[in-house]
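In my numbering, the protein residues as written are 106 to 212.
Beta carbons: idealized from backbone N, C-alpha and C, even for Gly.
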């Protein structure tokens with residue numbers, strides 16, 4: 106499976122001014138093996154996700170996004186459309202850390 110990231114460049118610029126996080130940096134959240142993805146809501150039949158993950162060793166971000174799976178020449182491609190990104194707040198950090206601890210502790 107391939108993963109492809111996309112976003113609206115105008116929204117990227119406006120959110121970057123507001124939250125000081127670019128979507129180019131935000132896409133790295135999905136590289137975190139401990140990232141936590143939660144289905145936040147379904148709007149007009151579209152699933153809206155929030156994913157919390159670490160970028161590097163000290164930047165914990167929350168990324169709002171949609172995902173679509175499609176087939177391209179026999180390969181499955183997941184398209185992640187980033188809607189917003191910002192630093193995670195204390196509550197979100199707690200959820201991420203709790204999930205990370207559960208993963209390390211096992212079932």
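- Residue 158 sits in a strand when the DSSP states are folded into three classes.
- Nearest in C-alpha terms to residue 120, of all of 159, 134 and 190, is 190.
- In the three-state reduction of the DSSP assignment, residue 210 falls in the helix class, which pools H, G and I.
- For residue 149, there is no enclosing alpha helix (DSSP H), as DSSP marks it with neither H nor E.
- By the C-beta density criterion, residue 206 is exposed, having fewer than 16 other C-beta atoms within 10 angstroms.
- With a beta-carbon spacing of about 7 angstroms, residue 156 and residue 170 fall inside the 8 angstroms limit used to define contacts.
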